[in-house]
Every structure is written in C-alpha cells, then in structure tokens.
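All residue numbers for the sequence shown refer to this note's numbering, where the first residue is 119 and numbers rise by one.
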Amino acid sequence: MSQVPSRPSSPKPQSILNLEEPNSGVDMTPGVTHFVEPIIFFKVQGVIFGLPRSRVLKSGFFRGMMESPHLGDSKEGTAEHPIVFDDRTGIAKADMQSFCAVLDVRAFEPGPTLSVAEWASAYRLSKMWEFEQVHNYICKYLDELVKDPFERIELADCLGLKEWVAPALVQLCMRDAPLTASEGARLGIDRFANVCRTRETGRTLYDLNFYEGQMKSVA
C-alpha cells in the first residue's frame, strides 16, 4: 500500500466523494451511500472516499496501521493527506465504490443492488483489509445469490472459497445431462476428467458420499 499525500488544494469532502482530479469541485458519487461525518479519507484513482473512523477501525488491517507508533501519523487519513492506494495495489475506483456500498448495510436491511462482479470486488477488499463482519456478510450473500455450479466454481477460484468447489463438482457429477466441451473448458482439464470419470463410475453406485470423496481430491 502506498501512502502518498494528495495535493493540498483538494477541498474537504463531506461524505463519500467523487473528487476527480484535476476538477476542484465536489461531485457526489451516484449510487453510493454517503456517510454523514466521514473522518478517515482514502484516495483511489484520483477519487477521494471518506469513511467514518468507527467503521474503519473495525478493520484489523487499518486498526493496526493507525494505532502503531511506527506507522501511524496524525495527518494520515485527513482530507489533505488521504491514505492512497495506487495502481500497484490493484485497487480500482469501482472496487472501492462496491465496498463502500456494502459497508453501510445494516444486518436487517436488504443488500445493495450489485452485480456478482461488484460483490466479488467488495469481498476481496473486505478480506484484504480484515473487515471480518463485512467479509462474512458478503460471503453469506454470495452463497445465496450464486447457484449455478460453474459460476460457483469460478467465483470460488477467484476469491479463494475452496469449500465451495467440491459441492459444486458433486452437483455436476449427479446431474442427468452430460458435460459439454464448453463446460469442460470452464472446469479445466483435470476437473473435467475427474468429473467425467466419477460420473461413469458413480452410475452403478449413485452414492453421494462416493461423489463427495472423489471430488475433494480435485477441489
């Protein structure tokens, strides 16, 4: 993570802001929840985001950084000196917008209207920054949202959700229709071969425990 002070001419935002450089005006980011009193400021691809300090300190990553006598700085995280995530971090403005949209959701409220890719972006940041509660919420939401076994496998590979893979492969072993060539390409040669072999062997057994045991080896 790079922590480089922003230009001192940047005005102080009053919520989650879309402060596109070099424009000096304030433009509220559409479709993103705007917090009332943001205290900690972040800069991603020229855009300033403000988040309440109480929310930020729920992150093990940021809490450790800001409370450390060696890493913490009284100016760090202010509007004039936001915490900067440059291109080397792989974090894009859209990723931060998705994360902010999820961060403000209360447990009793419906989730924001995001695509699976946007939920995945928010998950990646929550995992990276150790927002445990947010991370668990997104994981549960995605588990309900994504039902197709191929999508679950692809998402699991992308986000490191290894426990999703074997059950999804079992679904493919137990379905009536054979796998197609295009589906095999999505699985990869090892998984495709194991699913096909297990399907043939399992026709005489049709035993769920057998399928589960075989698929764990390629999950």
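Backbone N, C-alpha and C define an ideal beta-carbon position, used for all residues, glycine too.
Being a predicted model, the structure only gives us computed values, none of them experimental.
Here residue 215 is buried, its C-beta having at least 16 other C-beta atoms within 10 Å.
Residue environment: residue 200 is assigned as buried (16 or more neighbouring CB atoms within 10 Å of its CB, all protein chains considered).
A straight-line Cα-Cα distance of about 11 Å links residue 265 and residue 259. Judged by their CB atoms, residue 271 and residue 283 are nearer to each other than the 8 Å cut-off. When rounded, the separation of the alpha-carbon atoms in residue 300 and residue 313 is 14 Å. Around the beta carbon of residue 213, 16 or more other beta carbons lie within 10 angstroms, which makes this residue buried. Where residue 234 is concerned, the enclosing alpha helix (DSSP H) starts and stops at 234 to 246.
Judged by their CB atoms, residue 159 and residue 218 are not nearer to each other than the 8 Å cut-off. Residue state for residue 249 is assigned as coil, using DSSP reduced to three classes. Check the Cα spacing between residue 210 and each of 240, 223, 179 and 331: the tightest is with 240. Of the other Cβ atoms in all chains shown, 16 or more fall within 10 Å of the Cβ of residue 274; this residue is therefore buried. With a cutoff of 8 Å on beta-carbon distance, residue 247 and residue 186 are scored as not near each other.
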